[in-house]
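Student: Okay, here's the structure, questions in a sec.
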Amino acid sequence: MALHLATTLTTVPLLRLRPLIAVLMLSLLTACAGTRPAASATPAASATPASAAVPAPASAPASAPVRFLLTFDDGPASATSANPTVRILETLARNQQQPGIKAVFFTQTRAANGGGTPRGRALIRREQAEGHLVALHSATPRHANHRFMPPAELAASMETGVGDLLAETGVPPTLVRPPFWAYTADTLDIYHAYGLQMLLTDLSANDGKIYGVNWSWHKRSNMLKHLAETRLRWAAGELPEVDGATPVVVTFHDVNSYTSRHLAEYLDILVDVARELDVPLAAQPFYDNREQLERAALARTVADGQARQQLPGFWNWLWH
Ligand SMILES: [Zn+2]
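Residue numbering for the sequence shown follows the working numbering, starting at 1 and increasing by one per position.
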């Protein structure tokens, strides 16, 4: 069997295996629709010692100092006790790095075990009430891949999601993030038709849910690697300056109980790796005002569906 697989891998062009691998991976990843406790995964790439993978800082930076723009996908969670979304909201409000951090929550408004429940909808209202920016991730019962949805179905779900968030928050959402980072120029056109701009990410905690795994040994090395890559674009002046800072987008999953228990540590890590990479941070390294947060996020959205964008790890290989 092993011999057969090895033969197959060496004789079939790798590109032709992508659809098969995509199906296998998507079936393994519960990503958002799972009912089991949240879990954390770490990419193979982060198993490499960080010191070996991180390029040395370049010459003196000319770009505006960095501000971390925190985003959370897949929520809200609907657990009745130890709710991870609640714990994340509490940590953002009170932590040793910067109290009162405001974040973007890419919600799933019809998730059967989350945003589609009364408890989930109450948490969407709480996110809004506490000054965060509520955005759209999906409006389907499961974590549906927009790339595989018929256009009319995707359009209908965007209309549903925008309506859901308008009903809960009183304002229409302006941001969307595609599940599995899977989009095309056509899906982007549909987002735009519903007043939604698409935000991807620079750094990822790689904490999407995978069954059977609920820890991460690579929190720091992973963030160090991603920030080192982003630093190159920042130093080259490729990232926009907004309100005197360079927004750098960081992605977590608020349904992940591991993330919820370790968010304060993640905040420390972000500040620490910026220091190690000689990346200057704004006086307030995280956003603390919704209007400023939204301006920063909108400046980082993707306007051209044809332009190649860097996606986190595995997804970059899969979709390009
Ligand atoms: Zn997701």
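The beta carbon of each residue, even a glycine, is placed where N, CA and C say it ideally should be. This structure is a prediction, so every number in the text was calculated from the model and none was measured.
Mapping DSSP to helix, strand and coil, what is residue 184?
Tutor: Of the three classes helix, strand and coil, the one that applies to residue 184 here is coil, per DSSP.
Student: I want to check one thing, is the minimum distance from the CB of residue 179 to the heavy atoms of ligand 1 below 8 Å?
Tutor: Yes, ligand 1 has a heavy atom inside 8 Å of this Cβ.
Student: Identify whether residue 285 lies in helix, strand or coil by the three-state DSSP scheme.
Tutor: Residue 285: strand per DSSP, three-state reduction.
Student: Tell me whether the segment 82 to 91 and the segment 258 to 269 touch, counting them as touching only if at least three CB pairs, one residue from each stretch, are closer than 8 Å.
Tutor: Cβ pair count under 8 Å is three or more, so yes.
Student: Spatial neighbours of residue 133 within its chain, please: C-beta separation below 6 Å, excluding the five flanking residues on both sides.
Tutor: These residues qualify, in order along the chain: 104, 290, 293, 294.
Student: Please determine whether the Cβ atom of residue 74 lies at a distance below 8 Å from any heavy atom of ligand 1.
Tutor: The answer is yes for residue 74.
Student: Closest to residue 225 by C-alpha separation, out of 143, 244, 81, 250, would be which residue?
Tutor: Residue 225 has its Cα closest to that of 250, out of 143, 244, 81, 250.
Student: Rounding to the nearest angstrom, what Cα-Cα distance links residue 170 and residue 139 in this structure?
Tutor: Going from the Cα of residue 170 to the Cα of residue 139 covers about 17 Å.
Student: With residue 84 as the anchor, note down where its alpha helix (DSSP H) starts and where it stops.
Tutor: That run of the alpha helix (DSSP H) goes 84 to 93.
Student: Would the beta-carbon of residue 146 be found less than 8 Å away from any heavy atom of ligand 1?
Tutor: No - ligand 1 has no heavy atom lying nearer than 8 Å to the Cβ of residue 146.
Student: Would you report the Cα separation of residue 121 and residue 66, rounded to the nearest angstrom?
Tutor: Computed Cα separation, rounded: 33 Å.
Student: Helix, strand or coil: which one does DSSP assign to residue 240?
Tutor: Three-state result, residue 240: coil.
Student: Tell me the rounded alpha-carbon separation between residue 173 and residue 107.
Tutor: Those two C-alpha atoms are separated by around 10 Å.
Student: Buried or exposed: where does residue 256 fall if 16 or more other Cβ atoms within 10 Å of its Cβ makes it buried?
Tutor: Label assigned to residue 256: buried.
Student: Tell me whether residue 143 counts as near ligand 1, meaning its Cβ is closer than 8 Å to at least one heavy atom of that ligand.
Tutor: Yes.
Student: Check whether the Cβ atoms of residue 282 and residue 245 sit closer than 9 Å, and answer yes or no.
Tutor: Taking 9 Å as the Cβ cut-off, residue 282 and residue 245 qualify as a contacting pair.
Student: CB of residue 137 to nearest heavy atom of ligand 1: below 8 Å?
Tutor: Yes, Cβ of residue 137 sits closer than 8 Å to a heavy atom of ligand 1.
Student: Could you check whether residue 158 and residue 191 sit closer than 9 Å to each other, using their CB atoms as the reference points?
Tutor: It is a contact, given that the beta carbons lie within the stated cut-off.
Student: Which residue wins for smallest C-alpha separation from residue 131, given the options 112, 166, 93?
Tutor: Of 112, 166, 93, the residue nearest in Cα terms is 93.
Student: Need the endpoints of the beta strand (DSSP E) that residue 247 sits in, please.
Tutor: Residues 246 to 253.
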